[in-house]
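In what follows, a structure is listed as structure tokens, so that the remarks can point back to it.
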Amino acid sequence: MSDSNKIIDQAVSSEYKWGFYTDLENDTAPPGLSEDTIRFISARKEEPGWMLDWRLKAFRAWEQMTEPDWAHVQYPKINYQDIIYYSAPRKGPKYNSLDEVDPEILETFNKLGISLEEQKVLSGVAVDAVIDSISVKTTFREKLSELGIVFCSMSEAIKEYPELVKKYLGSVVPVRDNYFAALNCAVFSDGSFVYIPKGVRCPMELSTYFRINAINTGQFERTLIVADEGSYVSYLEGCTAPMRDENQLHAAVVELVALRDAEIKYSTVQNWYPGNKEGKGGIYNFVTKRGICKGDNSKISWTQVETGSAVTWKYPSVILKGDHSIGEFYSVALTNNFQQADTGTKMIHLGRNTRSTIVSKGISAGKSNNSYRGLVKIGREAEGARNFSQCDSLLIGSTCGAHTFPYIECDNPSAKVEHEATTSKIAEDQLFYCNQRGINTEKAVSLIVNGYCKEVFNQLPMEFAVEAQKLLSISLEGSVG
Amino acid sequence: MLTIKNLHASINGKEILKGINLEIAAGEVHAIMGPNGSGKSTLSSVLAGKEDYEITQGEVIFRGKDLLELSPEERAGEGIFLAFQYPVEIPGVSMTNFMRTAVNEVREYRGLDALDAKAFLALSKEKQALVELDKKLAGRSVNEGFSGGEKKRNEIYQMAMLNPYLSILDETDSGLDIDALRIVSEGVNKLKSAENAFLVITHYQRLLDYIVPDFVHVLYDGRIVKTGPKELALELEDKGYDHIKKEVEA
Amino acid sequence: MLTETQVKTAGWGNTEVQALRARALAFFEEKGLPEVKNELYKYSNIQRLFTENGFRETELKTATDTLSLPELPFATSGTLVLYNGVFQPALSVLPAGVEVQAAGTILNGSLAAQTFALPEPDAVKALALATASEGVALLIGENVQVAKPLLVFSYTDVEDASSLASLHVLTAGKNASASVLMLHAHAAEKRFFAQQVWQYFTAEGAALRVYDMQNEGPESYTINHFSALQAANSTFSLTTSSTGSAFMRNNVRAEHAGEGCHTELNGLFMPSEGQHIDNRTFVGHMFPNCTSDELYKGIAAANGKGVFNGKVYVARDAQKTNAYQSNKNVLLSREATINSKPELEIYADDVKCSHGSTTGQLDEQSIFYMQARGIRQAEARKLLLLAFANDVFERIPDMELRAFFETEAGQRFAALYRSR
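Which chain is which? The protein sequence lines are A, B and C, in order.
Under our numbering, the final residue of the first sequence carries the number 1694; numbering is consecutive throughout.
Under our numbering, the final residue of the second sequence carries the number 274; numbering is consecutive throughout.
Under our numbering, the final residue of the third sequence carries the number 917; numbering is consecutive throughout.
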């Protein structure tokens, strides 16, 4: 509780708090996209031939595809030839200790309040920190490797665990899945790879922090997490980005594979630069996140708190293939000023007695538009499948929009699918009650909205929940007239 | 402490308060009684600053300041506390978080340093004991899932935490059983001092057995039609409001 | 498939209308029949419907003198007969205060623009507008109260695989109140593709209730376009009971043109063997202080496919809107499908809007309970289905009409379990 108050007290400036830019010497590819760009990326990363072939195949597929336009978002046309597809910090070699890490990078993390040292010492969280495109530092590797857990950058995994990568990369999100995913397959820079062996419970939260840093560099993260039979892992992804005027494209792909009796919990706090109050600048966040509950009794749970980005296009999904498998999606999406979010989930029930839960809390303020878009599909063979969806929208002010677009497709009579959605504003009597206790309206709104999102925050690991509440309060500033 | 002069207030164009005059000094307990629809709850809402009401005439001076110029939270800072007839539920916001925010906001208004977590919890514990409020309620969302009695005790606990000069109890006795009524009243009595005052709004005389008023006012059709000592409440109980109505209309 | 001759020969002396029809035709020719990736027809494959059935333009008979009208168990206020979409004056009787004209005579200016508008890029509606023959304009006078329902009986009598369309207008004058019951029938063993466009205008304070019993045979492939434009303080309600037709699509649109409007949309849809029933609704809250309430219940049996796609739209200025939408479905067989897409699109903050959608099966425990009380299983299921459907029928204020719809549904349920 004490944290929440501190958070609210700290919420003083509505300007993007983490907008600074670290000057790293970059090794960058020239702007533009062609087979040569892909060869350049692959060569820089010293990838094996099969990886290059895979990328080229994806590129050729992408060239045949068209950018989707069904989402409730509008943005200027992206010129894919203006984007720089590769940028890596020049100081390439790996470090054995934090002392060897570029002090500027460490400073960056300090400003973010997530210094590696602090993380390492205080919370026991292993951090795979990513600045731009290359994994700079991985901690706790040794401790994890004792358990047989692999937690490394995707580049390393391609070299050191080619069989695992070949088996699972693109197995959940196929190359041709969608326009942005195909682009990612072709040009992905780096990301995290996690493998949890049979029966192992990962003893700590694994986390990566992403930053978009170099000018005009598209960020194309690629993450793959495989939880073998009976294993468990909780993965945290957090992002902040420096202030930029030009729009930056981000098209990440995250794939999760849960085998029999395995569980993956994936939490995101996303606070990329949303653009300024006039709607100028900001990140385009076009992300494909999907997990497959491949084995019986497996479970995948997505939790996201989205407060950043100018445009968000993101549907973390679960394919429930194994019998008795469970999919969960907990989301808070807050948009302010000119932000646009079209986000939700897909729960594809294929196995028997599969279960899914969707809890979505959308908050719109300013001139923003916030849409929930979700698919619940019950396959013909999904005997006894259950879904419950609750999608609530809160409007703050009368210049924003809140929309709900659920798709429910049911092909099995024994399934039970329930969807509920409400749209409202903050109740006047709640505000008055807070006011009467001496709490001003802006703080009251922050309190009430945080309360409204509690069901989702409860799903987050403690330190992440605190961060999330902080983000919400900051993002709401200036929204109450 | 509080001076109300010729206060008129209306809602949606309908006049509810038609010229209230009232003077409350520090250390006093005033009771306002009246039949349903006489304007009792409107008076408490207007004093707390609820925006639904339009003040068409009159003035309210509280500790030297023009109360009607202040926002609800500023009034709270000045020391006005309203114990709601129907305390509001705020889902997901824990009682502790809510109260700590309120206490520190009010302290800031009064130029006091914020309480740290330890000091807050110590204070909270002490005040909870005052109204026998279950500790576990602190972790629950504001008023959510509270029984009727718990809600009212929670209001008195908040009153104790915010240390107001003037506390307005809006039908705090409604929906309370005899035990809860005793606990709530004892809490209030313990908070009474020479520096603060209470305005007890009630329909029934019952509460006034426990919180003994210095003055009893009868509110009828938007005006105070009769003022007397505590015995007036007994008389009302005895003869009913119809008697007063006849008296007034006569 | 359909040619310009059909456009030209469909009546319509009104040149303003002709221009609007030409525009609709151009729109259709540009867009073509929607693909399934078109969000408006995501769950209804219109292209396949045409290729599989080879619907074509045919010479239509426009008059009959031997039509037998349906016998109803209750009194009506009058009867309006449409034969292949063409008004049959000799067979029609109208109540006092209600008159009939050719649709084109009243479709001028904004009425014409509204009727031929394409607020959504719906090429199917464009096709209907472009090819529709000139239907009736039913005019209910100011303050006219039509106590009993007015029967509109449509009979389709065409060559096999014919395509036809007609457009009709109904205006309810200021403070008028009326209800319309639509019934349909067709010649045996002749497949047809029929589109009916109904444009409703409710003037200030008017109350119009429309009931459509859609129980035609498997030869029917039908798309209805029901659109209402409501002036201030008017009420529009539409109830559809869809149990027949091989293919049925209801495009329902109600839009408010003033404050204080109320819209009520109710639907029961029951696709069974070989049937596809799709409901698409749009309620446009454009003004403050309006309410809408929508209830659609689907029962999918055999390999039937049912669709509900409803959108509630609340414009920026439509404060104090109260909109409610509910879709509940049951699947009775392993081969049945239900797709539900309830949508809210909201731009005003002081509103109360909600929607809910559930899909499941009949409660097995209730069935067992009834069996334990000696009720046969088939009977128990029928009772539960009737209870399920009754939520829709309970919204029909006219008790005779309610009973009429209940009886019809009951027969369908009984048939369902007999055929098993």
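Glycine included, each C-beta is placed from N, C-alpha and C at the ideal position.
Owing to the predicted nature of the structure, the values given are computational and were not obtained by experimental measurement.
field: Bridge-paired residues (DSSP) for residue 104 of chain B
entry: Per DSSP, the beta-bridge partners of residue 104 of chain B are B:190.
- request: Given a cut-off of 8 angstroms, decide if residue 664 of chain C and residue 629 of chain C are closer than it, judged by their beta-carbon atoms.
  value: Annotated as proximal: residue 629 of chain C and residue 664 of chain C, with beta-carbon spacing under 8 angstroms.
task: Say whether chain C places a C-beta atom closer than 8 angstroms to the C-beta of residue 1615 of chain A.
output: It does; some Cβ of chain C falls within 8 angstroms.
message: When you measure from the CB of residue 533 of chain C to every non-hydrogen atom of the ligand ZN, does any distance come out below 7 angstroms?
response: Ligands in the displayed structure: none, and consequently the ligand ZN is not present.
- request: Note down the Cα distance separating residue 845 of chain C from residue 569 of chain C, rounded to an integer number of angstroms.
  value: For residue 845 of chain C and residue 569 of chain C, the distance between alpha carbons rounds to 46 angstroms.
- prompt: Hey, would you say residue 1573 of chain A sits closer than 8 angstroms to residue 1604 of chain A, going by beta carbons?
  reply: Yes, the Cβ-Cβ distance between residue 1573 of chain A and residue 1604 of chain A is below 8 angstroms.
message: Using 8 angstroms for Cβ pairs, my map puts residue 205 of chain B next to residue 178 of chain B. What's the rounded Cβ distance?
response: Contact between residue 205 of chain B and residue 178 of chain B is ruled out by a C-beta separation of about 15 angstroms, above the 8 angstroms threshold.
- prompt: If we count the other Cβ atoms within 10 Å of its Cβ and call it buried at 16 or more, is residue 1243 of chain A buried or exposed?
  reply: In this structure residue 1243 of chain A is exposed. Its beta-carbon is surrounded by fewer than 16 other beta-carbon atoms within 10 angstroms.
- request: Mind listing, in chain order, the continuous beta strand (DSSP E) runs of no fewer than 3 residues lying wholly within the segment 120-148 of chain B?
  value: Within the segment 120-148 of chain B, no complete beta strand (DSSP E) run reaches 3 residues.
- request: Report the residue ranges of all beta strand (DSSP E) runs contained in full by the segment 776-824 of chain C; include only those spanning at least 3 residues, in chain order.
  value: Listed in chain order, the beta strand (DSSP E) runs fully inside the segment 776-824 of chain C are 788-797 and 802-811, counting runs of at least 3 residues.
field: Alpha carbon of residue 453 of chain C to alpha carbon of residue 679 of chain C, nearest angstrom
entry: In the structure as shown, chain C begins at 498 and stops at 917. Residue 453 of chain C is therefore absent and cannot be evaluated.
field: Nonlocal neighbours in the same chain, by C-beta distance under 6 angstroms from residue 773 of chain C, ignoring five residues either side
entry: So the qualifying residues of the chain are 744 and 802.
- prompt: So which residues of chain C does residue 1637 of chain A contact, with C-beta pairs closer than 8 angstroms?
  reply: For residue 1637 of chain A, the C-beta contacts it makes with chain C under 8 angstroms involve 848, 849 and 850, in order along the chain.
query: When DSSP labels each residue in this structure, what does residue 1663 of chain A get in the three-state scheme?
result: In the structure shown, the three-state DSSP call for residue 1663 of chain A is helix.
task: Give a yes or no on whether 8 angstroms exceeds the smallest Cβ distance from residue 1243 of chain A to chain C.
output: Taking Cβ atoms only, chain C never reaches closer than 8 angstroms to residue 1243 of chain A, which makes this a no.
task: Taking only the alpha-carbon atoms, compute the straight-line gap between residue 1441 of chain A and residue 1678 of chain A and give it to the nearest angstrom.
output: Linking residue 1441 of chain A to residue 1678 of chain A through their CA atoms gives a straight-line distance of about 28 angstroms.
message: Applying the 10 Å Cβ sphere with the 16-neighbour rule, what's the burial state of residue 896 of chain C?
response: Label assigned to residue 896 of chain C: exposed.
message: Quick test of your reading: residue 1470 of chain A and residue 1439 of chain A, contact by CB under 8 angstroms. State the CB separation rounded to the nearest angstrom.
response: Going by Cβ atoms, the distance from residue 1470 of chain A to residue 1439 of chain A rounds to 5 angstroms, so yes, they are a contact pair.
query: Looking at the C-beta of residue 1630 of chain A, does it have a partner C-beta in chain C at a distance below 8 angstroms?
result: Flagged as an interface residue toward chain C: residue 1630 of chain A, by a C-beta distance shorter than 8 angstroms.
message: So that I know if they touch, is there some Cβ in chain A lying closer than 8 angstroms to that of residue 152 of chain B?
response: No, residue 152 of chain B does not count as interfacial toward chain A.
task: Taking residue 222 of chain B as the query, report the chain A residues whose CB atoms sit under 7 angstroms from its CB, ordered along the chain.
output: The premise fails here: residue 222 of chain B is roughly 16 angstroms from chain A at the closest Cβ pair, so nothing lies under 7 angstroms.
message: Three or more C-beta pairs under 8 angstroms: does that hold for the segment 1581-1592 of chain A against the segment 1549-1556 of chain A?
response: The segment 1581-1592 of chain A and the segment 1549-1556 of chain A touch, with no fewer than 3 CB-CB distances between them shorter than 8 angstroms.
Neighbour list for residue 1608 of chain A in chain C, Cβ cutoff strictly below 9 angstroms: In chain order: 843, 844, 845, 846, 847 and 848.
Selection from C:594, C:545, C:551 and C:779 that minimises the alpha carbon distance to residue 615 of chain C: Of C:594, C:545, C:551 and C:779, the residue nearest in Cα terms is C:779.
message: Ignoring anything shorter than 3 residues, give me the beta strand (DSSP E) runs that lie fully in the segment 742-780 of chain C, in order along the chain.
response: Scanning the segment 742-780 of chain C for uninterrupted beta strand (DSSP E) segments of 3 residues or longer gives 744-753 and 759-766, listed from N- to C-terminal end.
query: Quick one: what's residue 852 of chain C bridged to in DSSP?
result: Looking at the DSSP output, residue 852 of chain C bridges to A:1634 and C:822.
- prompt: For residue 198 of chain B, which option in B:51, B:216 and B:174 has the closest C-alpha, if you only look at C-alpha atoms?
  reply: When each option's Cα is compared against that of residue 198 of chain B, the closest is B:174.
field: Nearest-angstrom Cα separation, counted from residue 902 of chain C out to residue 876 of chain C
entry: Rounded to whole angstroms, residue 876 of chain C to residue 902 of chain C spans 19 angstroms at the Cα level.
query: Taking Cβ positions, are residue 752 of chain C and residue 711 of chain C nearer each other than 8 angstroms?
result: Remark: C-beta atoms of residue 752 of chain C and residue 711 of chain C do not approach each other more closely than 8 angstroms.
Residues, ordered as in the chain, of the segment 1639-1657 of chain A that lie near chain B by beta-carbon distance below 7 angstroms: Along the segment 1639-1657 of chain A, going in chain order, the ones with a CB nearer than 7 angstroms to a CB of chain B are 1642, 1643, 1645, 1646, 1648, 1649, 1650, 1651, 1652, 1653 and 1656.
task: To the nearest angstrom, report how far apart residue 730 of chain C and residue 1597 of chain A are at their CA atoms.
output: The straight-line gap separating the alpha-carbon atoms of residue 730 of chain C and residue 1597 of chain A is approximately 46 angstroms.
Among B:86, B:62, B:55 and B:99, nearest to residue 74 of chain B - alpha-carbon criterion: For the residues B:86, B:62, B:55 and B:99, the minimum Cα distance to residue 74 of chain B belongs to B:99.
message: If we define contact as Cβ-Cβ less than 8 angstroms, is residue 1231 of chain A a contact residue for chain C?
response: With a pLDDT of 48 at residue 1231 of chain A, under the threshold of 50, the modelled position of this residue cannot be trusted; read the value that follows with caution. Output row for residue 1231 of chain A: interface = no.
message: Going by the DSSP bridge assignment, what does residue 706 of chain C pair with across the sheet?
response: According to DSSP, residue 706 of chain C bridges with C:676 and C:734.
- prompt: If you measure beta-carbon to beta-carbon, which residues of the segment 604-636 of chain C are closer than 8 angstroms to chain A?
  reply: Here the close residues number zero.
field: C-beta atoms of residue 1543 of chain A and residue 1567 of chain A nearer than 8 angstroms
entry: Result no, Cβ atoms of residue 1543 of chain A and residue 1567 of chain A do not sit closer than 8 angstroms.
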